[in-house]
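Read through the structure below, which is laid out as structure tokens, and then see the notes.
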């Protein structure tokens, strides 16, 4: 994993970052329905898991934009931009009604990502506890609530904590007049992104899901 320090003096977002990171510490959280009709139909026909295919769509869009690949290093007071970020997601354990956090490597090749992620999910079933031992620094967070089609959600992060990685959640999909809609949420620190960037994320995830081939 490679990264570089953001050149604050020449960064177009410098003043916005400083305002929301140092003066008004806050996050943005938006939920919208995305149309997954075609992706769901194609994954079922191919015998693939929808979750993993949709995770690929999300990770592809996240990695396409610098605002979603930022980290703040407290010890050094430095803003870091990663070359790529990887999804930190979860395996749910039905027997204990708990979960274990796992990470899956990012790859632009759908088949490579899908197969590796499926192996991670299978291995995660044998794990217990909150997290695997080695979690890389270049992550973004993903969770899924497949039991509920929700309309809004929010996670509360301490006000003195500058956490810049996206936190992405989706819920149970539903049929709306022949269109299968899935509630998707992005929560991100306002220092890293604005409503424009979040709206683009939703639009591009939907487009990626509609056009994904495998």
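Residue numbers (my numbering): 935 to 1148. For each residue, glycine too, the CB sits at the ideal point set by N, CA and C.
Distance from the CA atom of residue 1131 to the CA atom of residue 989, rounded to whole angstroms, is 19 Å. A contact is defined here as three or more CB-CB pairs under 8 Å, and the stretch 1046-1058 fails this definition with respect to the stretch 1087-1102. With respect to the 8 Å criterion, residue 1118 and residue 968 are classified as neighbours on the basis of their beta carbons. Around residue 1061, the same chain offers 1025, 1034 and 1036 as residues with beta carbons nearer than 8 Å, after the five sequence neighbours per side are excluded. Three or more Cβ pairs closer than 8 Å define a contact, and the stretch 959-967 meets that threshold against the stretch 1119-1139.
With a minimum length of 4 residues, the unbroken runs of alpha helix (DSSP H) contained wholly in the stretch 1038-1119 fall at 1044-1058.
956 is the residue among 944, 956 and 946 whose C-alpha sits nearest the C-alpha of residue 1008. Residue 1014 and residue 1114 have their C-alpha atoms roughly 38 Å apart. A distance below 6 Å between beta-carbons, with the five flanking residues on each side excluded, links residue 991 to the following residues of its chain, in chain order: 1139, 1142 and 1143. In the three-state reduction of the DSSP assignment, residue 1148 falls in the coil class, being assigned neither a helical nor a strand state. DSSP lists 963 and 1101 as the bridge partner or partners of residue 1121. Close CB contacts of residue 1094 within its chain, under the 8 Å cut and outside five residues either way in sequence, are with 959 (chain order).
Note that the C-beta distance between residue 936 and residue 1017 is below 8 Å. Here residue 1148 is near residue 1045, since their CB atoms are less than 8 Å apart. Where residue 1012 is concerned, the enclosing beta strand (DSSP E) starts and stops at 1012-1016.
Residue 972 carries a helical assignment under DSSP once its states are collapsed to helix, strand and coil. Under the 10 Å beta carbon count, residue 1127 is surrounded by 16 or more other beta carbons and is classified as buried. By the criterion of a C-beta distance shorter than 6 Å, residue 974 is surrounded in its chain by 984 and 1114, once the five residues flanking it on both sides are discounted. In chain order, 960, 1123, 1124 and 1125 place their CB closer than 8 Å to the CB of residue 954, counting only its own chain and leaving out the 5 sequence neighbours on each side. The Cβ atoms of residue 1074 and residue 1096 lie no closer than 8 Å to each other. CA-CA distance, residue 945 to residue 1001, rounds to 12 Å. In the DSSP annotation of this structure, the continuous segment of the alpha helix (DSSP H) that includes residue 948 starts and ends at 948-952.
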